[in-house]
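Its first residue numbered 222, the sequence shown is counted upward by one per residue in my numbering.
To start, the structure itself, in structure tokens.
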Amino acid sequence: MKKFSIILVLFFLSTNIFGQSEKINQLFTQYQDAQGVTTIKIAKPMFGMLNKLNIGDSELKKIKPLLKKIQGLNIMIMEKPTFPADLAAENVVPLQNYETQRSAILSAISNLKYEELVTVNSRDNKIKFLASDATDGIFNDLLLNITTNDNTILMMLDGKISMDDVSNLIEETKNVTALNPISSINSTTQQNTASVRKVSAFDGIEVSTGVSVKFTQAANHSVVVDVEPDKLQYVITEVENNVLKIFIRNNGVKNLNIRNLIVKVSSPKMNRIVTKSGASFQAMNTIKDRALAIEASSGSRVDGDFDISSSSAIESTSGSTIKMKLQTGSVALDASSGSFVRLNGSADNVAYSVTSGATLDGANFATKKATVSASSGSSVKVNVSDALTASVSSAASVQYKGNPSSIVTDVKKITGASLTQIN
């Protein structure tokens with residue numbers, strides 16, 4: 222595991238194909254206040270500090286001398302707008318503005334007549350190293366153009382870089398292209414190891430700290446941890462009160478970097494699913510049970526197909542995401558704090574409480590009777606055939622699909638709330 226300081230060095234120096242030109246500076250200045258654009262300027266003193274680091278890794282030592290040549294780093298990030306699929310119509314204009322702005326910036330770069338030195342492709346990123354003419358083997362104007370599905374990143378370095386420096390930097394960048402260049406510059410050559418964990422019987426699961434679980438309903442209980450061998454000790458699997466708990470315990474290790482961690486789990490029953498702190502749960506086959514409780518929080522995620530004969534309780538909060546196909550008798554659902562829930566399938570009775578900017582897409586979840594409470598900028602779509610009771614306030618929106626014979630509503634329009642029928 223590399224120390225954070227070393228990661229910083231890689232971050233700055235794997236981007237060393239930039240240069241300082243007046244036209245590039247003007248471009249950064251022109252768009253620095255544009256919507257959806259973030260610009261970052263790093264001055265020479267920061268690179269002076271990095272140059273003083275005690276770097277022991279042999280691969281990193283060869284890029285340390287470049288720190289002396291760096292005068293400053295400019296970064297421009299163009300972020301593509303993101304939104305739930307059901308809000309696509311409302312976000313056509315922001316997307317068009319993003320594409321227009323992105324095209325204008327890339328066109329301006331093209332007009333500067335930089336030559337492409339090399340392109341490094343990975344699964345998620347394309348990184349182009351660009352340069353103007355060299356003088357005596359030294360590049361004065363160097364540029365890095367990174368494109369991903371969601372962002373376009375331009376990085377410009379003010380400094381005199383030799384062709385040998387460029388070759389070293391390109392080689393180092395190839396070592397890290399499997400990763401997002403902004404969020405985590407790391408590298409590893411280790412292969413994952415599968416570890417079979419011995420656990421007692423369980424019928425519930427709680428997953429946290431970014432762990433990814435793939436669950437299969439099967440006759441036997443099993444837990445298999447798939448991760449780099451030196452990280453196995455940090456992945457904890459234990460059963461408490463019939464609930465399998467899976468999480469990372471760092472044992473005091475700072476900046477513990479665990480990548481590509483997957484835990485494969487199976488059991489005959491699964492009636493409680495809890496995900497926290499960026500963890501995820503994915504059902505690999507249809508989960509069948511009498512009752513089900515799901516709690517997702519803190520940016521975690523639940524995906525799956527569920528056949529529940531009696532009742533289902535669903536709670537989603539703090540930016541979590543739940544996408545499920547569900548056949549059940551009744552549903553009690555609470556969504557809040559920017560979370561997103563999409564339901565497909567059917568139930569006889571549902572009670573939805575959605576608040577604080579949360580979104581519930583139940584347009585394709587057929588129900589007979591529905592009770593809906595929506596507030597504080599939340600958005601709800603409900604599919605109901607017989608009876609609808611809706612309370613809507615504080616800029617919330619409820620859209621219902623179907624022709625229920627009974628509709629009882631309390632819509633506080635003065636607060637910006639709305640209730641509308643959709644086809």
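For each residue, glycine too, the CB sits at the ideal point set by N, CA and C.
**Q.** beta strand (DSSP E) runs contained entirely in the stretch 534-569, provided each spans 3 or more residues
**A.** 542-548 and 551-556
Q) Looking at the unbroken beta strand (DSSP E) that takes in Leu333, where does it start and where does it end? A) The count along the sequence shown starts at 1 and reaches residue 333 at position 112. Here Leu333 belongs to no beta strand (DSSP E), and DSSP marks it neither H nor E.
Q.
To the nearest angstrom, how far is the alpha carbon of Gly425 from that of Ile494?
A. The residue labelled residue 425 in the question sits at position 204 within the sequence shown. The residue labelled residue 494 in the question sits at position 273 within the sequence shown. Their backbone Cα atoms lie some 6 angstroms apart in a straight line.
**Q.** Residue burial classification, Ser533 (beta-carbon count within 10 angstroms, cutoff 16)
**A.** As a first step, residue 533 is located in the sequence shown; it is residue number 312 there, counting from the start. Ser533 comes out buried.
Q: For Ala500, count neighbouring C-beta atoms within 10 Å of its own C-beta (all shown protein chains included) and say buried if the count is 16 or more, exposed if not.
A: As a first step, residue 500 is located in the sequence shown; it is residue number 279 there, counting from the start. With 16 or more Cβ atoms within 10 Å of its Cβ, Ala500 is classed as buried.
Q. Can you list, in chain order, the residues of its chain whose CB lies under 6 angstroms from that of Lys347, leaving out five sequence neighbours each side?
A. Here the question's residue 347 lines up with position 126 in the sequence shown. So the list reads Thr368, once near-sequence residues are dropped.
Q: Using alpha carbons as the reference points, say which of Ala608, Ile515 and Asp451 lies closest to Arg480.
A: Position 259 of the sequence shown, counted from the first residue, corresponds to residue 480. Nearest C-alpha to Arg480: Asp451.
Q: Leaving aside the five residues before and after Thr610 along the sequence, list all residues of the same chain whose C-beta is less than 6 angstroms from its C-beta, in chain order.
A: Walking along the sequence shown from the start, residue 610 turns up at place 389. If we look at Thr610 and ignore the five residues flanking it on each side, its Cβ neighbours are Thr592 and Val629.
Q: Measure from the alpha carbon of Ser558 to the alpha carbon of each residue in Thr580, Tyr252, Asn565 and Ala584, then state which is nearest.
A: Looking up residue 558 in the sequence shown gives position 337. When only C-alpha atoms are compared, the closest one is Thr580.
**Q.** Neighbour flag for Thr340 against chain D, beta carbons, 7 angstroms
**A.** Looking for chain D here will not work: only one protein chain is present.
(Q) With a threshold of 6 angstroms on Cβ separation, who are the neighbours of Thr414 within its own chain once the five nearest residues in sequence on each side are excluded? (A) The residue labelled residue 414 in the question sits at position 193 within the sequence shown. Answer for Thr414: Pro450, listed in chain order.
Q.
Taking only three categories from DSSP, how would you classify Val314?
A. As a position in the sequence shown, residue 314 is number 93, starting the count at 1. Reduced to three states, the DSSP call for Val314 is helix.
Q) Grouping DSSP H, G and I as helix and E and B as strand, with all else coil, what is Arg480? A) The count along the sequence shown starts at 1 and reaches residue 480 at position 259. Note: Arg480 maps to coil in three-state DSSP.
(Q) Do Asp528 and Lys544 have their beta-carbon atoms positioned less than 7 angstroms apart in this structure? (A) Here the question's residue 544 lines up with position 323 in the sequence shown. Here the question's residue 528 lines up with position 307 in the sequence shown. Cβ distance not < 7 angstroms, so Lys544 and Asp528 don't count as in contact.
Q.
Along the chain, where does the beta strand (DSSP E) containing Ile426 start, and where does it finish?
A. Indexing the sequence shown from 1 puts residue 426 at position 205. Counting along the chain, the beta strand (DSSP E) containing Ile426 begins and ends at Gly425 to Val428.
Q.
Please state the DSSP three-state secondary structure of Lys349.
A. Position 128 of the sequence shown, counting from 1, holds the residue named residue 349. Looking at Lys349 - three-state DSSP - the assignment turns out to be strand.
Q.
My output table needs one value for Met299: the three-state DSSP class, helix, strand or coil.
A. One-based indexing of the sequence shown puts residue 299 at position 78. Three-state result, Met299: strand.
Q.
For Val632 and Val575, what's the separation of their Cα atoms in angstroms?
A. Stepping through the sequence shown from its first residue, residue 632 is reached at position 411. Stepping through the sequence shown from its first residue, residue 575 is reached at position 354. Each residue's alpha carbon lies about 14 angstroms from the other.
(Q) My output table needs one value for Ala584: the three-state DSSP class, helix, strand or coil. (A) In the sequence shown, counting from the first residue as 1, residue 584 sits at position 363. If DSSP states are grouped into helix, strand and coil, Ala584 belongs with the strands.
Q: With a threshold of 16 other CB atoms inside 10 Å of the CB of Pro625, please say whether the residue is buried or exposed.
A: As a working mapping, residue 625 is identified with position 404 in the sequence shown. Flag for Pro625 reads buried.
Q: Within its chain, find whatever has a CB closer than 6 angstroms to the CB of Arg563; leave out the 5 residues flanking it on each side and keep chain order.
A: Start at 1 with the first residue of the sequence shown, and residue 563 comes out as number 342. Lys544 and Asp582.
Q) Excluding five sequence neighbours on each side, which residues of the same chain lie with their C-beta closer than 7 angstroms to the C-beta of Gly550? A) Position 329 of the sequence shown holds residue 550. Same-chain partners within the cutoff: Ser530, Ser531, Ser532, Ala568 and Asp569.
Q) So what does DSSP say about Glu516, is it helix, strand or coil? A) Taking the sequence shown and counting its residues from 1, the one referred to as residue 516 is at position 295. In the structure shown, Glu516 sits in a strand (DSSP, three-state: E or B).
Q: Please work out which residues of its chain come closer than 6 angstroms, Cβ to Cβ, to Met505, disregarding the five sequence neighbours upstream and downstream, and give them in chain order.
A: To locate residue 505, count along the sequence shown from 1; it is residue 284. Taken in chain order, the residues that qualify are Lys435 and Thr437.
(Q) Tell me the DSSP secondary structure of Met377 in three-state form. (A) Your numbering for residue 377 matches position 156 in the sequence shown. Three-state DSSP puts Met377 in a strand.
Q | Residues near Asp278 in its chain [Cβ-Cβ closer than 6 angstroms; skip 5 each side] | A | As a first step, residue 278 is located in the sequence shown; it is residue number 57 there, counting from the start. Since pLDDT at Asp278 reaches only 44, below the 50 mark, its modelled position is unreliable, and no value is offered.
(Q) Less than 7 angstroms between the C-beta atoms of Ile298 and Asn246, yes or no? (A) Taking the first residue of the sequence shown as 1, we reach residue 298 at position 77. Taking the first residue of the sequence shown as 1, we reach residue 246 at position 25. No, the Cβ-Cβ distance between Ile298 and Asn246 is not below 7 angstroms.
Q. If you draw a straight line from the C-alpha of Ile679 to the C-alpha of Ile515, how long is it?
A. Beyond the ends of the chain as shown, which are 222 and 644, falls residue 679; an answer cannot be given.
Q: Kindly indicate which three-state DSSP category Thr507 falls into: helix, strand or coil?
A: On the sequence shown, residue 507 is found 286 positions in, with the first residue counted as 1. Residue state, collapsed to three classes: coil.
Q.
DSSP has Leu686 in a bridge; who is on the other side?
A. For the chain, the structure presents residues 222 to 644; residue 686 sits outside this window and is missing.
Q | For Gln642, the residue or residues it bridges with in DSSP | A | Taking the first residue of the sequence shown as 1, we reach residue 642 at position 421. Gln642 is bridged to Tyr621.
Q.
With H, G and I counted as helix, E and B as strand and the rest as coil, what does DSSP make of Ser433?
A. Position 212 of the sequence shown holds residue 433. Three-state DSSP puts Ser433 in a strand.
Q: Kindly list the residues whose CB is nearer than 6 angstroms to the CB of Phe468, restricted to its own chain and excluding five residues on each side of it in sequence; keep chain order.
A: On the sequence shown, position 247 is the one that residue 468 refers to. Around Phe468: Ser429, Thr430 and Ile457.
Q. In the structure shown, what three-state DSSP assignment does Ala440 receive?
A. Within the sequence shown, the letter at position 219 stands for residue 440. In this structure, Ala440 counts as coil in the three-state DSSP scheme.
Q.
Rounded to the nearest angstrom, what separates Leu364 and Gln322 at their Cα positions?
A. To locate residue 364, count along the sequence shown from 1; it is residue 143. To locate residue 322, count along the sequence shown from 1; it is residue 101. Going by the C-alpha atoms only, they are around 19 angstroms apart.
Q) Mapping DSSP to helix, strand and coil, what is Ile276? A) As a first step, residue 276 is located in the sequence shown; it is residue number 55 there, counting from the start. A caution first: Ile276 carries a pLDDT of 43, below 50, which makes its placement in the model too unreliable to give a value.
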